[in-house]
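Below you'll find the structure, written out as structure tokens, and then a few comments.
Numbering (my numbering), first residue to last: 6 to 471.
What follows is the structure, given as structure tokens:
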């Protein structure tokens, strides 16, 4: 124990962190894992598929636990059944609060494509199967466990630690985070937030890196509307709206916007190169090599669609509508292009570029919202540095990588309020990542236990009395 404490002091000193006046007690991690899994099992068995959501049922389950522990909690609904749970451990107030957040709704399922009941929380081969085990009830159960352990162990705090379990993330957050920010900001106002959006990446049984999301691409969906002359299908027309729309969609679908690295993605690929095999490391370094970047980008486009999307604003045709009978040429056809823009993308300039690429006056490009994107969370904050220090303790030999998400989370509206929000998550492999929002979603039980440890230590590092 003395050696362990000495090492902890050395690590803190090397990283420029003030040593805690008295080291807070650490939980029994095996018991913490078992308790977290029990709660996660119960949460998964409460079906909160959105729509309709019914998140209040999960909020009530959590509130019952918090009530039993003596932790003040309340449920706030925008509409009946759409509950958001808020709980708070009070600190001394010397520093601003930290928010532990997660969403408690889940996406729907295709039951016939699952090998198990998606809402039975089946345990098999060291994994817990069920809709939402990773996205996002695993995070919910971990946050709950951390709050309970801080309370049980009477950890002295300089910051309030707030727990938020929000509704409606999978459908845009109107009944969840947006409602809480607009109507109840005083209950969740904070300096830092830890949310979903990151992961602990494991390969061949070893943790390679801890991904912490600091920003995310911005949904900027556009519609293409082609107009022509209607008529009988037996007499093809040169102004067929479907033909013109199809050509426009094909052009955008094969288009690659220019690569632009920001602080997060540049740091991600540079650090990733330090832990990758030689061939992969060379590929990541070549992204910044003027003589090799074109070839490196093309290889990444063909071999890693997520990394390719991190390099640039992306365009993906997702919906096409046109026609109502097989023998009638319609007068109008339209398509939706799902654009995920880099946070600093110039939207009017981008739309002008798309119109130029389409080069067809019969196809109208209906532009997206130009509302400014929130600034990324910074890499030099106390919170990010704390996550790096704790990663070195829990997963020595790994690295912390800042990540730009290609999708969207509830962190974006918090960042717009000036909160430094970071995405974290449990242990995941390439296979598990593909199951999120898919069939047979699963979560490593041992990995969840390690995530609880990472999360607890990180909160202690940033919030406990120094």
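All C-beta atoms in this analysis are idealised placements derived from N, C-alpha and C, irrespective of residue type, glycine included.
| Completely contained beta strand (DSSP E) runs for the segment 280-348, where each covers 3 or more residues | 319-327, 337-346
| message | I'd like to know if the segment 38-48 and the segment 136-148 are in contact, where contact means that at least 3 CB-CB pairs between them fall below 8 Å. | response | yes
| query | Relative to the C-alpha of residue 450, which residue among 129, 214, 80, 84 is closest? | reply | Counting from 1 along the chain shown, the entry for residue 450 is found at position 445. Ranking 129, 214, 80, 84 by Cα distance to residue 450 puts 129 first.
| request: Report the rounded CA-to-CA distance for residue 89 versus residue 249, giving the unit in angstroms. | output: Mapped onto the chain shown, residue 89 falls at position 84. Mapped onto the chain shown, residue 249 falls at position 244. Approximately 47 Å between the Cα atoms of the pair.
| Can we say the segment 364-377 touches the segment 177-189, given the rule of at least three CB pairs closer than 8 Å? | no
| said: Tell me which residues share the same chain as residue 313 and place their Cβ nearer than 6 Å to its Cβ, disregarding the 5 neighbours each side in the sequence. | reply: Mapped onto the chain shown, residue 313 falls at position 308. Closer than 6 Å at Cβ, skipping near neighbours: 305, 306.
| field | Where the beta strand (DSSP E) through residue 197 begins and ends | value | What you label residue 197 is simply residue 192 of the chain shown in a count that begins at 1. That run of the beta strand (DSSP E) goes 197-200.
| request: Output the distance between the C-alpha atoms of residue 317 and residue 308, rounded to the nearest integer angstrom. | output: For the purposes of this step, residue 317 is taken as residue 312 along the chain shown, with counting starting at 1. For the purposes of this step, residue 308 is taken as residue 303 along the chain shown, with counting starting at 1. Roughly 16 Å between the two C-alpha positions.
| field | Outcome for residue 222 when other beta-carbon atoms lying within 10 angstroms are tallied against a minimum of 16 | value | As a working note, residue 222 is residue 217 in the chain shown. Per the 10 Å Cβ criterion, buried.
| request: Write down the C-beta distance between residue 114 and residue 175 rounded to the nearest angstrom, noting that I regard them as a contact closer than 8 Å. | output: For this step, residue 114 is matched to residue 109 along the chain shown. For this step, residue 175 is matched to residue 170 along the chain shown. The pair is not a contact, with the Cβ atoms about 12 Å apart (cut-off 8 Å).
| task | Give the DSSP bridge partners of residue 426, in chain order. | result | Locating residue 426 in the chain shown gives position 421, counting from the first residue. Per DSSP, 198.
| field | Rounded distance between the beta-carbons of residue 415 and residue 181, thought under 8 Å | value | To locate residue 181, count along the chain shown from 1; it is residue 176. To locate residue 415, count along the chain shown from 1; it is residue 410. That belief holds up - the Cβ atoms of residue 181 and residue 415 are roughly 7 Å apart, short of 8 Å.
| Closest Cα partner of residue 369 within the set 341, 91, 350 | Residue numbering aside, residue 369 sits at position 364 when the chain shown is read from its first letter. Ranking the options by Cα distance to residue 369, first place goes to 341.
| Reduced DSSP secondary structure (H/G/I, E/B, other) of residue 24 | The residue you call residue 24 lines up with position 19 of the chain shown. Interpretation of residue 24 is limited by its pLDDT of 43, a score under 50 that renders its predicted location unreliable; no figure is taken from the coordinates.
| said: So, with DSSP's three-state summary, where would you put residue 51? | reply: Reading the chain shown from its first residue, position 46 is the one you call residue 51. Residue 51: coil per DSSP, three-state reduction.
| message | Tell me the rounded alpha-carbon separation between residue 423 and residue 417. | response | Start at 1 with the first residue of the chain shown, and residue 423 comes out as number 418. Start at 1 with the first residue of the chain shown, and residue 417 comes out as number 412. Their Cα atoms are separated by approximately 10 Å.
| said: Tell me the rounded alpha-carbon separation between residue 329 and residue 253. | reply: Residue 329 sits at position 324 when you count from the first residue of the chain shown. Residue 253 sits at position 248 when you count from the first residue of the chain shown. Each residue's Cα considered, the two are about 21 Å apart.
| Classification of residue 108 by the beta-carbon crowding that lies within 10 angstroms, buried from 16 upward | Here residue 108 corresponds to residue number 103 of the chain shown, with the count starting at 1. Under this definition residue 108 is a buried residue.
| Leaving out the 5 sequence neighbours to the left and right, which residues in its chain are closer than 6 Å to residue 105 when beta-carbon positions are compared? | If you number the chain shown from 1, residue 105 lands on position 100. For residue 105, the CB contacts under 6 Å within the same chain, skipping 5 residues up- and downstream, are 148, 168, 199 in chain order.
| message | Between the alpha carbons of residue 310 and residue 321, how many angstroms are there, rounded? | response | For this step, residue 310 is matched to residue 305 along the chain shown. For this step, residue 321 is matched to residue 316 along the chain shown. C-alpha separation (whole angstroms): 12 Å.
| said: For residue 429 and residue 150, what's the separation of their Cα atoms in angstroms? | reply: On the chain shown, position 424 is the one that residue 429 refers to. On the chain shown, position 145 is the one that residue 150 refers to. Rounded to whole angstroms, residue 429 to residue 150 spans 15 Å at the Cα level.
| said: Is the separation between the beta-carbon of residue 166 and that of residue 102 shorter than 8 Å? | reply: Indexing the chain shown from 1 puts residue 166 at position 161. Indexing the chain shown from 1 puts residue 102 at position 97. The answer is yes: Cβ separation under 8 Å.
| query | So residue 448 and residue 139 are in contact, right, with Cβ under 8 Å, and what is the actual spacing, rounded? | reply | Residue numbering aside, residue 448 sits at position 443 when the chain shown is read from its first letter. Residue numbering aside, residue 139 sits at position 134 when the chain shown is read from its first letter. Yes, they are in contact, since the Cβ atoms of residue 448 and residue 139 sit about 5 Å apart, within 8 Å.
| field | Backbone secondary structure at residue 69 - three-state DSSP | value | On the chain shown, residue 69 is found 64 positions in, with the first residue counted as 1. In the structure shown, the three-state DSSP call for residue 69 is helix.
| field | Short CB-CB distance (under 8 Å) between residue 112 and chain B | value | Absent here is chain B; the protein component of the structure consists of one chain.
| Between residue 82 and the rest of its own chain, which residues show a CB-CB distance below 6 Å, the 5 nearest in sequence each way excluded? | Indexing the chain shown from 1 puts residue 82 at position 77. These residues qualify, in order along the chain: 88.
| By the 10 Å Cβ neighbour count, where 16 or more other Cβ atoms means buried, how is residue 351 classified, buried or exposed? | For the purposes of this step, residue 351 is taken as residue 346 along the chain shown, with counting starting at 1. Of the other Cβ atoms in all chains shown, fewer than 16 fall within 10 Å of the Cβ of residue 351; this residue is therefore exposed.
| request: May I ask which residues mark the beginning and end of the beta strand (DSSP E) holding residue 448? | output: The count along the chain shown starts at 1 and reaches residue 448 at position 443. Residues 447-449.
| said: Give me, in chain order, the residues of the same chain whose beta-carbon lies closer than 8 Å to that of residue 291; leave out the 5 immediate sequence neighbours on both sides. | reply: The residue given as residue 291 occupies position 286 in the chain shown. If you ignore the 5 residues before and after residue 291, its C-beta comes within less than 8 Å of the C-beta of 297, 298, 300, 301, all in its own chain and listed in chain order.
| task | Rank 441, 445, 463, 71 by C-alpha distance to the C-alpha of residue 399 and give the top, closest one. | result | Residue 399 sits at position 394 when you count from the first residue of the chain shown. Minimum Cα distance to residue 399 is reached at 463.
| Does the separation of the CB atoms of residue 225 and residue 421 fall below 8 Å? | Counted from its first residue, the chain shown places residue 225 at position 220. Counted from its first residue, the chain shown places residue 421 at position 416. If you check the CB distance, residue 225 and residue 421 do not come in under 8 Å.
| So is residue 72 buried or exposed if we call it buried at 16+ other beta carbons inside 10 Å? | On the chain shown, residue 72 is found 67 positions in, with the first residue counted as 1. Exposed is the call here.
| Collapsed DSSP secondary structure at residue 79 in the structure displayed | As a first step, residue 79 must be located in the chain shown, where it is residue number 74. Residue state, collapsed to three classes: strand.
| message | Using 8 Å for Cβ pairs, my map puts residue 135 next to residue 49. What's the rounded Cβ distance? | response | On the chain shown, residue 135 is found 130 positions in, with the first residue counted as 1. On the chain shown, residue 49 is found 44 positions in, with the first residue counted as 1. The beta carbons of residue 135 and residue 49 sit about 4 Å from each other, so the pair counts as a contact at 8 Å.
| request: Within the same chain, show all residues whose beta-carbon is closer than 8 Å to that of residue 37, passing over the 5 residues directly before and after it, in chain order. | output: Reading the chain shown from its first residue, position 32 is the one you call residue 37. Hits under 8 Å: 150, 154, 454, 457, 458, 461.
| Is residue 388 buried or exposed, if buried means 16 or more other CB atoms sit within 10 Å of its CB? | Position 383 of the chain shown, counting from 1, holds the residue named residue 388. Answer is buried; the Cβ neighbour count reaches 16.
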